[in-house]
Amino acid sequence: MPYHNVSIASRLRPTRSRSVAGQRHPVRRFALRLLSGLLLSACSVGPCIAQANAVPTDPYAAHIAEASRRFAVPATWIRAVIGKESAGDARAVSSAGARGLMQIMPGTWHELRARWPLGQDPFDPRDNILAGTAYLREMHDRFGSPGFLAAYNAGPARYEAYLTGHPLPAETLTYVETLSPLIDGGSLTERASTPVASGGAATLPWPSSPLFVRAAAGTEPTLSERENSAAAERSVMPDAIATKPRSNGLFAARTGMGEPF
1 MPYHNVSIAS RLRPTRSRSV AGQRHPVRRF ALRLLSGLLL SACSVGPCIA QANAVPTDPY
61 AAHIAEASRR FAVPATWIRA VIGKESAGDA RAVSSAGARG LMQIMPGTWH ELRARWPLGQ
121 DPFDPRDNIL AGTAYLREMH DRFGSPGFLA AYNAGPARYE AYLTGHPLPA ETLTYVETLS
181 PLIDGGSLTE RASTPVASGG AATLPWPSSP LFVRAAAGTE PTLSERENSA AAERSVMPDA
241 IATKPRSNGL FAARTGMGEP F
């Protein structure tokens with residue numbers, strides 16, 4: 001009988017051990033699962049937080065800031081022109097052949113490259129923005145605001161023809177109507193109180209001029225008109241321009257100011 005009891009006891013001990021071990025293993029597995037879940041949650045929440053805190057960046061912000069500083073043109077004006085001209089597409093090409101973010105005609109581009117150390121690629125965002133801003137400044141100093149917008153779009157020769165009574169293209173009228181509200185809040189350093197066109201003819205007050213009388217069909221500027229407009233005319237920038245040109249022409253140098261780009 002005692003032998004039988006011992007045998008039973010020995011048989012029960014492993015059973016009890018297995019039972020206790022079986023109780024420990026589920027707890028251990030639960031702990032491991034809980035820890036794994038916490039780790040997975042941390043890994044998944046991290047990118048979500050980073051994504052939520054991420055702010056969209058402007059790939060052209062640095063170039064716009066540089067151009068704004070060098071030519072004393074409000075960055076809001078530059079952005080407005082880029083948005084209207086190319087919608088931010090650095091590879092944009094118009095039907096007339098204008099290229100890049102600020103849609104610079106080939107002739108105007110070559111004219112600007114002759115004066116400033118720009119690269120050979122008119123589609124390069126930095127060079128295109130610098131050249132376009134330089135041209136904006138030139139047009140503003142010649143024609144005032146918002147006439148410079150019409151000159152930038154149709155060419156200075158076309159705008160000067162408008163000042164003598166010739167109509168502007170419908171495209172240019174729409175262009176000015178769209179951008180004028182966007183530039184009202186900005187101002188240029190040392191703006192002329194009475195803008196004067198080349199040749200000494202004062203510009204017409206924009207609101208009272210016949211600008212917004214729609215031009216007749218067939219008055220769209222030709223490629224050669226826009227392309228040769230910059231080369232045909234010369235103007236001098238005011239002292240507000242913190243740059244020095246490589247040669248005489250488009251802008252006047254100012255002693256002690258920043259180096260050309």
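When the sequence shown is numbered by the UniProt record's numbering, its final residue is 261 and no position is left out of the sequence of numbers.
Idealized CB from N, CA, C, for every residue including glycine.
Same chain, Cβ closer than 8 Å to residue i, five either side skipped, listed in chain order
i	result
THR178	LYS84
PRO146	VAL176, LEU179, SER180, ILE183, TRP206
SER86	ALA92, GLY100, LEU101, MET102, GLN103
Cβ shell of residue i (< 6 Å), same chain only, five flanking positions each side left out
i	result
ASN153	THR172, TYR175
TRP109	PRO122
TYR60	PRO125
Burial state of residue i, where buried means 16 or more other Cβ atoms lie within 10 Å
i	result
HIS63	buried
PRO125	buried
SER94	exposed
PRO156	buried
ALA134	buried
GLY119	exposed
PRO117	exposed
ASP127	buried
Closest by C-alpha distance to residue i, when choosing among the options
i	options	result
ALA96	TYR159, PRO106, ASP121	PRO106
GLY98	ARG142, THR76, PRO74, ALA131	In the sequence as presented, Gly is not what sits at residue 98; that position holds Ala. When each option's Cα is compared against that of ALA98, the closest is ALA131.
Limits of the alpha helix (DSSP H) - the one that residue i falls within
i	result
ARG118	Checking the displayed sequence, the identity of residue 118 turns out to be Leu instead of Arg. Taken as a continuous stretch (DSSP letters only), LEU118 belongs to no alpha helix (DSSP H), as it is neither H nor E.
ARG91	From DSSP, ARG91 is part of no alpha helix (DSSP H); its letter is neither H nor E.
THR108	106-113
VAL73	From DSSP, VAL73 is part of no alpha helix (DSSP H); its letter is neither H nor E.
PRO169	Per DSSP, PRO169 belongs to no alpha helix (DSSP H) and is neither H nor E.
MET139	125-143
TYR60	No alpha helix (DSSP H) contains TYR60, which DSSP labels as neither H nor E.
GLY147	147-154
Contacting residues, own chain, Cβ-Cβ under 7 Å from residue i (five flanking each side not counted)
i	result
SER208	Low confidence applies to SER208: its pLDDT is 36, below 50, so where it sits in the model is not reliable, and the reading given next is rough at best. Excluding positions up to five away in sequence, the list is empty.
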